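Participant: Following this message is one structure expressed as structure tokens.
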Amino acid sequence: GSYTGEFSQGFQPIIIPASGQGVQLAIQSIGGVSVATSPNGVLANPDVILPAQQTNPMNVIVNCANLPMNTTITLTVHPANGADIVVTATNSAGTQASSTATIPVTMPRGGGIIYAKCVSGVTGSASVQGDNYAKNIAETGWTAYGERFAQMEITAGIGRSQQVAYITESGKRYMLPVR
């Protein structure tokens, strides 16, 4: 057929961070005790056992990769008994490629689950599936159903796979597949 006037053509790509360029969070240590390299996140078999004489507040070190400096990291401690403890700090040591956040937290007695989360502007590299093209997502103007991506949320927990969600300007969330 034919057409008159202007038209545009678009596509909805699948966002896959380029190898080594995705945003990453990982809890490195709690109160100076290193987290196991392959934590399981099961209360019956704790990944970190803190000494009884450990004084509060304790520093939790969160490793960050490809995250803008001074991004707010929210740490949540979900004890087996009692209310959640939520504290925040920023990744103020290192570089955007590799930084850390030191988060002082008053740890409750007994077992529990701990996880870190941050929300950042859409940065970092991405590529279209099946293509060698890589570009900053903010530069692409990529959208989901006509809405631009405005932020991404990264959640990391001990014994859990890291999860990434892209968030549009209106707040709709698109989860990245866990790899």
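According to the working numbering, numbering within the sequence shown proceeds without interruption in unit steps and concludes at 180.
Backbone N, C-alpha and C define an ideal beta-carbon position, used for all residues, glycine too.
Only a predicted model underlies this, so the values are computations on that prediction, with no experimental measurement involved.
1) Short of 8 Å in beta carbon distance, which residues of its chain neighbour G83, apart from the five on each side in sequence? Order them along the chain.
2) State buried or exposed for V63, treating a residue as buried only when at least 16 other CB atoms are found within 10 Å of its CB.
3) Starting from M153, trace the beta strand (DSSP E) both ways and give me its first and last residue.
4) Taking the alpha-carbon of N41 as reference, which of L51, P52, C119, I159 has the nearest alpha-carbon?
5) Which same chain residues, not among the five before or five after E170, have their C-beta less than 7 Å away from its C-beta?
6) Mark L26 as exposed unless 16 or more other C-beta atoms lie within 10 angstroms of its C-beta, in which case mark it buried.
7) What are the residues that DSSP puts in a beta bridge with L26?
8) How about S100 and L76: are their beta carbons less than 8 Å apart?
9) Given that a residue counts as buried once 16 or more other Cβ atoms are within 10 Å of its Cβ, and exposed if not, what is D85?
10) Helix, strand or coil: how does DSSP classify R110 here?
11) Looking at S30 and V24, is the spacing between their C-beta atoms short of 8 Å?
Facilitator: In this structure, then:
1) P109
2) buried
3) 148-158
4) I159
5) E148, R149, A151
6) buried
7) C65
8) no
9) exposed
10) coil
11) no
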